[in-house]
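Visitor: Next up is a structure, given as structure tokens.
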Amino acid sequence: MRFKALQLLVHGLSLGWLGWVYYLGFSDQLGGDPVEAIIHYTGKGALHLLMLTLLVAPLSRWLKQPRLMRLRRPLGLYSALWAVAHVSNYLTFDLQFDWRLIASELVQRPYIVVGLTALLILLVLAVTSLPKLVRKLGRRWRTLHSGIYLALVLVCVHFWWSVKGFELEPLIYGLVALVLLSLKRRPLWRLAERAQKARPPMVK
Amino acid sequence: MKRTDAFNSGLSENDITDESVFLNRRQLLRQLGFIGAGGLLASTSGHASAGLLDLLGITDTPAESGFSTEPLSFAAADRSPGQVLTTEDKVTGYNNFYEFGTDKADPRRHAQDMQVKPWTLTVGGEVNQPLTLDYDDLFRFELEERIYRLRCVEAWSMVIPWVGFPLAALLKRADPNSDARYVAFETLHDPENMAGQRNRFAGGGLDYPYVEGLRIDEAMHPLTLVAVGLYGKTLPPQNGAPVRLLVPWKYGFKSIKSVVSIRLVKEQPPTSWNLAAPREYGFYANVNPQVDHPRWSQASERRITRGGLGSDERIPTQLFNGYAEQVAHLYKDMDLKRAF
Ligand code: HEM
Chain A
9 MRFKALQLLV HGLSLGWLGW VYYLGFSDQL GGDPVEAIIH YTGKGALHLL
59 MLTLLVAPLS RWLKQPRLMR LRRPLGLYSA LWAVAHVSNY LTFDLQFDWR
109 LIASELVQRP YIVVGLTALL ILLVLAVTSL PKLVRKLGRR WRTLHSGIYL
159 ALVLVCVHFW WSVKGFELEP LIYGLVALVL LSLKRRPLWR LAERAQKARP
209 PMVK
Chain B
2 MKRTDAFNSG LSENDITDES VFLNRRQLLR QLGFIGAGGL LASTSGHASA
52 GLLDLLGITD TPAESGFSTE PLSFAAADRS PGQVLTTEDK VTGYNNFYEF
102 GTDKADPRRH AQDMQVKPWT LTVGGEVNQP LTLDYDDLFR FELEERIYRL
152 RCVEAWSMVI PWVGFPLAAL LKRADPNSDA RYVAFETLHD PENMAGQRNR
202 FAGGGLDYPY VEGLRIDEAM HPLTLVAVGL YGKTLPPQNG APVRLLVPWK
252 YGFKSIKSVV SIRLVKEQPP TSWNLAAPRE YGFYANVNPQ VDHPRWSQAS
302 ERRITRGGLG SDERIPTQLF NGYAEQVAHL YKDMDLKRAF
């Protein structure tokens, strides 16, 4: 019963909060520049959800609550949703569908390229989390979904590069990301090792 | 009045968001279902739920201002119909003033305890007549209103009615000598009250005090303004109380706030953003759609006027922020791409 409430909370907050932020934006209650505010807010929201997603497995291990794992998929999907909102805000309200500008920004600005890469990873992971595809991918699903760690690192770089001067906030997020990486039970280098082993032996 | 009109002439009707255009856009958005009933209701509901929002860190409530501004008397600028100024709330609630924090809502939140009385502004260096002005002296000049576009290097802009006097009027009193080739400006250094100066992280990694500079001919140009007011009143702290510079054809960071020192010097003076990131911010920092910031395009800008999401327009950025007619001659033999 308590678990059901937790599930509802995850859905309610992830969706309700997003709706609420848009309501505030359209009604001019997001400070002097609602456009920048909502871009930043949804960007950070996506990152928070991404971090929460990665926290689920270690938490369920520590608390010995395997049921918690069922929250991982919705959290990951909501992270992707907020990321899509973030990018849509940028394209709609900031660049206002000036396609030439969008194209040049996407290609020229390193922090945008990094963000785009992260977004693509999140989208691939979102699609391949369909139960049918999970089954079909079998073991490969695991390897593929380790890509979430790559997305996390990319988003932190994106954040770091997007600020004008030298700021504490992206550093803090970077540190939290490092902690999350270190919590991974099967370290990433193991995956690399396994991939190596899977390859046919080299013939001299 | 005539005089002010001449200065405002750079501002034609096309340059400022026309109110009817603005209304049309809103209508369009509403038809698209972008602005729901909420958007309509909200204009009356105001900040009713501010307490909760503060808790969530989403909005900034306008400060219960510990700081009070005072009305000024001045020669008013001509406000032709159709000119859409950026609302006072946005002008005073969205500021880059890293001394009070790097978030643009920080200055209004954290600057309200700033003390501006007494204030001392010195004019020295290569001058025959060094000056020391106190707070009241700042308002003894012939004050006039100027409606200027302010173009931030971050590719947004506002249209703001300032009150002030030409910098030239001040400099002439100090009587620069023949060695005065540049002018160096400095912001108040008060780490005790300015968290950004106290803590390297809170201040965006800039070295403080904030410094800026102009070539003497730029400083003497009639568009270069010393502002002491905004929307008819003395400046609030977040906009650079009690006295700041405005160089409307340059990116906003040149328009240094809360100035305590003006020095006429022989050599090109150091400037804060140039010191912090020389590849990204030059000494000249003239608004130029052809010269991109290394991390974003400067070809267009988002004009912030009023309203919520979907009410701003992205407009092409103009060379020298649209003041080319008045200032282009200052740079006629220069490669603006290299001297950015
Ligand atoms: C095509 C993909 C993306 C684009 C075009 C994009 C664009 C932007 C822009 C324009 C900013 C604001 C920079 C500024 O104000 O100077 C930003 C900041 C940010 N973005 Fe993205 N982004 C993308 C992908 C992502 C993704 C996938 C995430 C997270 C999952 C993300 C998280 C963030 C964060 C956390 C910030 C910093 C917000 C802040 O400063 O408060 N972005 N991004």
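If you're matching them up, the sequences are chains A and B in order.
Numbers 9 to 212, taken from the working numbering, label the letters of the first sequence in order.
Numbers 2 to 341, taken from the working numbering, label the letters of the second sequence in order.
Quick reminder that beta carbons are idealized off the backbone N, C-alpha and C, glycines included.
This one's a predicted model, so the numbers in the text were calculated from it and none came from an experiment.
(1) Which same chain residues end up closer than 6 Å to residue 218 of chain B when comparing Cβ atoms and leaving out the 5 residues on each side of it in sequence?
(2) In whole angstroms, what separates the C-alpha of residue 75 of chain A from that of residue 135 of chain A?
(3) Would residue 68 of chain B and residue 164 of chain B be called neighbours here (beta carbons separated by less than 8 Å)?
(4) Closer than 8 Å by C-beta to residue 27 of chain B: which residues in its own chain qualify, once you throw out the five before and the five after it? Chain order, please.
(5) Residue 296 of chain B touches chain A at which residues, Cβ-Cβ below 9 Å?
(6) For a quick check, are the C-beta atoms of residue 87 of chain A and residue 130 of chain A less than 8 Å apart?
(7) Which bits of chain B does residue 42 of chain A rub up against, with CB to CB less than 7 Å?
(8) Determine contact between the stretch 96 to 115 of chain B and the stretch 198 to 208 of chain B, defined as no fewer than three beta-carbon pairs at a distance below 8 Å.
(9) Do residue 288 of chain B and residue 318 of chain B have their C-beta atoms within less than 8 Å of each other?
(10) Between residue 87 of chain B and residue 316 of chain B, is the Cβ-Cβ spacing less than 8 Å?
(11) Would you call the stretch 213 to 231 of chain B in contact with the stretch 244 to 251 of chain B, where contact means no fewer than 3 C-beta pairs closer than 8 Å?
(12) Tell me which residue opens and which closes the alpha helix (DSSP H) that residue 107 of chain B is part of.
(13) Return the CA-CA distance between residue 72 of chain B and residue 236 of chain B, expressed in angstroms with no decimal places.
(14) Please confirm if residue 163 of chain B has its CB atom under 8 Å from at least one CB of chain A.
(15) Could you tell me whether the Cβ atoms of residue 183 of chain B and residue 270 of chain B are closer together than 8 Å?
(16) Suppose only complete runs of 4+ residues qualify. What are the alpha helix (DSSP H) ranges in the stretch 206 to 263 of chain B, listed by chain order?
(17) Do residue 54 of chain A and ligand 1 come close, with the Cβ less than 7 Å from some heavy atom?
(18) Under DSSP, the alpha helix (DSSP H) around residue 53 of chain A begins and ends at which residues?
(19) Any heavy atom of ligand 1 closer than 7 Å to the Cβ of residue 167 of chain A?
(20) At 3 residues or longer, and completely inside the stretch 274 to 327 of chain B: list those beta strand (DSSP E) runs for me, N to C.
(21) Please go through the same chain and pick out, in chain order, the residues whose beta-carbon is closer than 6 Å to the beta-carbon of residue 241 of chain B, but skip the five residues on each side of it.
(22) With which residues is residue 149 of chain B paired in a DSSP beta bridge?
(23) For residue 334 of chain B, is the classification buried or exposed, using 16 other Cβ atoms within 10 angstroms of its Cβ as the cut-off for buried?
(24) Would you mind telling me which residues of chain B sit closer than 7 Å to residue 101 of chain A, beta carbon to beta carbon, in chain order?
(25) Per DSSP, residue 132 of chain B forms a beta bridge with which residues?
(26) Is the shortest distance between the beta-carbon of residue 11 of chain A and the beta-carbons of chain B less than 8 Å?
(27) Could you give the distance in angstroms between the alpha-carbon of residue 195 of chain B and the alpha-carbon of residue 112 of chain B?
(28) So which of A:174, A:33, A:176 and A:62 has the shortest CA-CA distance to residue 83 of chain A?
(29) Terminal residues of the continuous beta strand (DSSP E) containing residue 185 of chain B?
(30) Within 10 angstroms of its Cβ, does residue 24 of chain A collect 16 or more other Cβ (buried), or is it exposed?
(31) In the stretch 69 to 111 of chain A, which residue ranges form an unbroken alpha helix (DSSP H) of at least 4 residues, counting only runs that do not cross its ends?
(32) Taking the DSSP output, what are the residues bridged to residue 166 of chain B?
(33) Just verifying my parser: in three-state terms, what is the DSSP assignment at residue 329 of chain B?
(34) Could you compute how far the alpha carbon of residue 321 of chain B sits from the alpha carbon of residue 297 of chain B?
(35) For residue 47 of chain B, collect the residues of the same chain with a Cβ closer than 8 Å to its Cβ; drop the 5 residues on either side in sequence, then sort them by chain order.
(36) Beta-carbon of residue 162 of chain A versus every beta-carbon of chain B: anything under 8 Å?
Guide: Short version:
(1) The answer, listed in chain order, is 331.
(2) 23 Å
(3) no
(4) With a pLDDT of 38 at residue 27 of chain B, under the threshold of 50, the modelled position of this residue cannot be trusted, and the question is left open.
(5) 116, 117, 118, 119, 120, 169, 170 and 172
(6) yes
(7) 309 and 310
(8) Because the criterion of three Cβ pairs below 8 Å is met, the stretch 96 to 115 of chain B and the stretch 198 to 208 of chain B touch.
(9) yes
(10) no
(11) Taking 8 Å as the limit for Cβ pairs, the verdict is that the stretch 244 to 251 of chain B does touch the stretch 213 to 231 of chain B.
(12) Residues 107 to 111.
(13) 10 Å
(14) Cβ-Cβ to chain A under 8 Å: no for residue 163 of chain B.
(15) yes
(16) For secondary structure counted as the alpha helix (DSSP H) over 4 or more consecutive residues, the stretch 206 to 263 of chain B holds these complete runs in sequence order: 217 to 220.
(17) Yes.
(18) 42 to 70
(19) yes
(20) Counting only runs of 3 or more, we get 301 to 304 and 314 to 317.
(21) 258 and 259
(22) Residue 149 of chain B pairs with B:161.
(23) exposed
(24) 310 and 311
(25) B:124
(26) no
(27) 8 Å
(28) A:62
(29) 183 to 188 is the span of the beta strand (DSSP E), which, as asked, contains residue 185 of chain B.
(30) exposed
(31) Here the runs fully enclosed are 80 to 97.
(32) B:227
(33) helix
(34) Straight-line Cα distance between these residues: approximately 18 Å.
(35) In this prediction, residue 47 of chain B has a pLDDT of 32, which is less than 50 and means its spatial position is unreliable; what the coordinates show is noted afterwards. Closer than 8 Å at the Cβ level, and outside the excluded window around residue 47 of chain B, lies no residue.
(36) no
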